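Engineer: Let me begin by handing over the structure; questions about it come next.
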Amino acid sequence: MNERSTEPRPDPARDQQTGRLLEEWLRDEAPSHEPPVLVPTVRARIAFTRRRPAFLIRDWWRWRPGRTDRRFLRMNTVTQLAAVVVLALSGFGLYMVADGGPTTDPAPPAAVTALDPEEVIAKVTGSLDGTVGTESLEIGEYAFEHRGLQGTGIVTADDPRLTGQTEIVFEWDDFLPQAGMGAATKSFTIHIENDGGAWDGLLLGVRYPDEVYGDSHTAGLLTGSGTYEGLSAYLMLEGKNHSYTFEGLIFPGGMPE
Amino acid sequence: MTLGDTNDVRQPGARSERGLVQAAMAGDAEAFSDLASAVVARLYAVARLILRDEAAAEDATQDALVVAWRDLSALRDADRFEAWLHRVLVHTCYREAQRRRRRIEVEGQVRPISEPRDPGDQSVIKDEIERGFARLSVEHRTVLVMHHYLGYTFPEIAETLGIPVGTAKSRIHRATVAMRAALTADNDPSKQRGQVA
Numbered sequence: 004m005n006e007r008s009t010e011p012r013p014d015p016a017r018d019q020q021t022g023r024l025l026e027e028w029l030r031d032e033a034p035s036h037e038p039p040v041l042v043p044t045v046r047a048r049i050a051f052t053r054r055r056p057a058f059l060i061r062d063w064w065r066w067r068p069g070r071t072d073r074r075f076l077r078m079n080t081v082t083q084l085a086a087v088v089v090l091a092l093s094g095f096g097l098y099m100v101a102d103g104g105p106t107t108d109p110a111p112p113a114a115v116t117a118l119d120p121e122e123v124i125a126k127v128t129g130s131l132d133g134t135v136g137t138e139s140l141e142i143g144e145y146a147f148e149h150r151g152l153q154g155t156g157i158v159t160a161d162d163p164r165l166t167g168q169t170e171i172v173f174e175w176d177d178f179l180p181q182a183g184m185g186a187a188t189k190s191f192t193i194h195i196e197n198d199g200g201a202w203d204g205l206l207l208g209v210r211y212p213d214e215v216y217g218d219s220h221t222a223g224l225l226t227g228s229g230t231y232e233g234l235s236a237y238l239m240l241e242g243k244n245h246s247y248t249f250e251g252l253i254f255p256g257g258m259p260e
Numbered sequence: 074m075t076l077g078d079t080n081d082v083r084q085p086g087a088r089s090e091r092g093l094v095q096a097a098m099a100g101d102a103e104a105f106s107d108l109a110s111a112v113v114a115r116l117y118a119v120a121r122l123i124l125r126d127e128a129a130a131e132d133a134t135q136d137a138l139v140v141a142w143r144d145l146s147a148l149r150d151a152d153r154f155e156a157w158l159h160r161v162l163v164h165t166c167y168r169e170a171q172r173r174r175r176r177i178e179v180e181g182q183v184r185p186i187s188e189p190r191d192p193g194d195q196s197v198i199k200d201e202i203e204r205g206f207a208r209l210s211v212e213h214r215t216v217l218v219m220h221h222y223l224g225y226t227f228p229e230i231a232e233t234l235g236i237p238v239g240t241a242k243s244r245i246h247r248a249t250v251a252m253r254a255a256l257t258a259d260n261d262p263s264k265q266r267g268q269v270a
């Protein structure tokens with residue numbers, strides 16, 4: 004609807020009257036009680052929903068248009084020092100490995116030995132349909148960043164262990180030199196939940212320069228919890244606009260290191 | 074006065090509810106469940122007004138409370154829980170509206186041909202408001218609900234939605250003007266035939 008073209012001239016008196024009518028109508032219209040099933044459902048879902056630590060949550064609700072997100076620059080001194088120490092230790096670790104320094108053979112996760120591979124390993128195919136918000140920030144000519152967009156969806160797989168309600172947080176950058184076409188880099192955290200437990204992981208993906216907006220090639224590793232403790236699921240997703248088909252493998256333990 | 078009181082939704086939470094917020098922020102799921110029970114009626118009312126659909130409002134409210142629980146550690150000030158929760162709700166309402174938009178667009182709704190009626194009749198006015206409100210975009214309905222139902226000021230709306238104050242003002246102005254235009258159109262018999270809402 005093009006409001007500008009049909010917009011009547013300003014008329015404060017009539018706008019006030021419209022406001023008053025609207026106020027009365029909204030008061031009359033508002034239901035006084037929620038549906039009876041709502042609270043029990045919320046309680047049940049809360050019981051199965053794990054809290055996310057603050058450092059994993061983008062401060063999205065304080066986001067303001069035009070404010071460039073430069074979280075590292077906003078870190079306080081202690082956090083910056085901690086980050087430097089962590090980076091230094093990581094670098095030292097990489098140096099030791101590259102230099103043939105003393106390393107220890109990683110012990111296999113206990114869960115691997117506790118699970119019978121024949122029982123748990125399965126190829127899985129399915130689909131993911133989700134929705135996501137549309138907030139974005141233009142960071143340069145043809146470049147856009149989208150951060151902390153929360154989505155929900157449903158994963159339907161031929162293996163019931165991976166079927167369930169899904170919550171997703173998307174982060175992606177778009178490079179769109181042509182309208183609606185161009186490369187993108189994406190990452191999203193995903194949480195799939197069902198009666199047996201949950202899967203959490205990070206998926207990474209790209210869109211190639213000659214592809215249209217919405218296309219995506221994504222893959223990643225999920226870790227199981229609940230009755231799926233000790234299991235991992237590697238997924239490769241293809242699709243567009245948050246509707247994907249995928250195939251992958253459920254297996255015990257994690258990826259070899 | 075409580076956070077869940079639907080008669081005066083602007084009052085800040087009572088001390089006990091602030092305690093619940095703090096306990097929930099510390100990870101107490103039971104406290105959050107109690108808090109959810111206290112606020113759910115009003116959240117549902119707001120979602121119902123914004124979305125104009127019972128099932129969609131139920132889903133949006135449910136999602137808002139679950140997301141609020143999951144991300145509560147991002148809330149720094151317990152006193153701002155209400156505004157924070159409303160913003161979470163608005164986001165879940167937007168998502169829900171988007172999810173259902175395609176189906177609604179496909180189905181459409183052909184309004185029946187209506188007979189001329191007395192424009193002064195209260196039931197006629199309510200009917201016109203309802204139709205005009207339903208025709209607004211979800212963003213316009215949101216600002217009208219926040220302003221005229223929750224009683225939020227322009228800066229409060231701007232802060233809750235994460236938009237500049239000027240944008241909040243103009244959005245409310247346009248929504249009001251669109252409502253006025255819709256009411257005017259509904260009183261014009263020449264525009265009442267075979268409209269697709």
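In order, the protein sequences belong to chains W and U.
Residue numbering for the first sequence follows the working numbering, beginning at 4 and increasing consecutively.
Residue numbering for the second sequence follows the working numbering, beginning at 74 and increasing consecutively.
All residues carry an ideal CB built from backbone N, CA and C; glycine is no exception.
These figures come from a predicted structure and were not determined experimentally.
Could you confirm whether any beta carbon from chain U is found closer than 7 Å to the beta carbon of W/Val-42?
Structural biologist: yes
Engineer: Could you name the residues of chain U that W/Arg-164 contacts, counting a contact when the two beta carbons are closer than 7 Å?
Structural biologist: Per Cβ cutoff of 7 Å: no residues; W/Arg-164 is ~22 Å from chain U at best.
Engineer: If you follow the beta strand (DSSP E) that W/Asp-203 is part of, which residue opens it and which one closes it?
Structural biologist: 200-210
Engineer: I want to see whether chain U comes within less than 7 Å of W/Ala-236, judged by CB atoms only; does it?
Structural biologist: no
Engineer: In terms of alpha-carbon separation, which member of W/Met-184, W/Glu-37, W/Ile-193 lies closest to W/Thr-52?
Structural biologist: W/Ile-193
Engineer: Could you give the uninterrupted runs of the beta strand (DSSP E) lying entirely in the stretch 229-263 of chain U, keeping only those of 3 residues or more?
Structural biologist: none
Engineer: Can a CB atom of chain U be found closer than 7 Å to the CB of W/Glu-26?
Structural biologist: yes
Engineer: Using the C-alpha atoms, what's the distance from U/Ile-230 back to U/Thr-249?
Structural biologist: 15 Å
Engineer: Closest Cβ-Cβ distance between W/Ala-125 and chain U: below 7 Å?
Structural biologist: So, not an interface residue.
Engineer: Mapping the DSSP letters down to three states, classify W/Ala-33 as helix, strand or coil.
Structural biologist: coil
Engineer: From W/Gly-242 to W/Asp-132, what distance separates their C-alpha atoms?
Structural biologist: 10 Å
Engineer: Decide if U/Glu-203 is buried, meaning its Cβ has at least 16 other Cβ atoms within 10 Å, or exposed.
Structural biologist: exposed
Engineer: Which same chain residues, not among the five before or five after U/Asp-136, have their C-beta less than 8 Å away from its C-beta?
Structural biologist: Thr-165, Arg-168, Glu-169
Engineer: What does the alpha-carbon distance come out to for the pair W/Glu-148 and W/Phe-178?
Structural biologist: Spanning the alpha carbons of W/Glu-148 and W/Phe-178 requires a straight line of approximately 9 Å.
Engineer: Buried or exposed for U/Met-98, please, with buried defined as at least 16 other CB atoms from any protein chain shown within 10 angstroms of its CB.
Structural biologist: Buried.
Engineer: At the level of alpha carbons, what is the spacing between W/Arg-23 and U/Trp-157?
Structural biologist: 27 Å
Engineer: Can you give the Cα-Cα distance for W/Ser-190 and W/Leu-207, rounded to whole angstroms?
Structural biologist: 4 Å
Engineer: So is W/Val-45 in contact with chain U if we call contact Cβ pairs under 7 Å?
Structural biologist: yes
Engineer: Contact criterion: CB-CB distance below 7 Å. Does W/Arg-150 meet it with respect to chain U?
Structural biologist: Closer than 7 Å: no.
Engineer: Would you say U/Glu-131 lies against chain W (beta-carbon separation less than 7 Å)?
Structural biologist: yes
Engineer: Rounded to the nearest angstrom, how far is the Cβ of U/His-213 from that of U/Ala-251, given a contact under 8 Å?
Structural biologist: At roughly 6 Å, the Cβ-Cβ gap stays under 8 Å, so U/His-213 and U/Ala-251 are in contact.
Engineer: Where do the ends of the beta strand (DSSP E) carrying W/Pro-44 lie?
Structural biologist: Reading the sequence as shown, one finds Thr at residue 44 of chain W and not Pro. Note, W/Thr-44: premise wrong, no beta strand (DSSP E); alpha helix (DSSP H) at 41-51.
Engineer: Candidates W/Glu-232, W/Asp-213, W/Ala-236, W/Thr-230: which alpha carbon is nearest W/Leu-224's?
Structural biologist: W/Ala-236
Engineer: Mark W/Tyr-211 as exposed unless 16 or more other C-beta atoms lie within 10 angstroms of its C-beta, in which case mark it buried.
Structural biologist: So W/Tyr-211 ends up on the exposed side.
Engineer: Measure from the C-beta of U/Tyr-222 to each C-beta in chain W and report whether the shortest distance is under 7 Å.
Structural biologist: yes
Engineer: Could you list which residues in chain W have their beta carbon closer than 8 Å to that of U/Lys-199, in chain order?
Structural biologist: Trp-28, Asp-31
Engineer: Between the beta-carbon of W/Leu-238 and the beta-carbon of W/Pro-255, is there less than 7 Å?
Structural biologist: no
Engineer: Apply the 10 Å Cβ neighbour rule to U/Met-219 and answer buried if 16 or more other Cβ atoms are within range, or exposed otherwise.
Structural biologist: The residue in question, U/Met-219, is buried, as its Cβ has 16 or more Cβ neighbours within 10 Å.
Engineer: For the candidate residues U/Val-113, U/Ala-130, U/Leu-124, U/Asp-152, whose alpha-carbon lies nearest to that of U/Arg-91?
Structural biologist: Cα-wise, what sits closest to U/Arg-91 is U/Asp-152.
Engineer: Is the Cβ-Cβ distance between U/Val-161 and U/Ala-141 less than 7 Å?
Structural biologist: yes
Engineer: So which of U/Val-119, U/Ile-245, U/Leu-145, U/Ala-207 has the shortest CA-CA distance to U/Leu-217?
Structural biologist: U/Ile-245
Engineer: Spatial neighbours of W/Leu-252 within its chain, please: CB distance less than 8 Å, with the 5 preceding and 5 following residues excluded, ordered by chain position.
Structural biologist: Ile-124, Ala-125, Lys-126, Val-127, Ala-236, Tyr-237
Engineer: Where do the ends of the beta strand (DSSP E) carrying U/Leu-148 lie?
Structural biologist: Annotation for U/Leu-148: no beta strand (DSSP E) segment contains it, and DSSP assigns it neither H nor E.
Engineer: At 3 residues or longer, what runs of the beta strand (DSSP E) sit wholly inside the stretch 106-137 of chain U?
Structural biologist: Runs of the beta strand (DSSP E) inside the stretch 106-137 of chain U: none found.
Engineer: Where does the unbroken alpha helix (DSSP H) through U/Arg-214 begin, and where does it stop?
Structural biologist: 211-217
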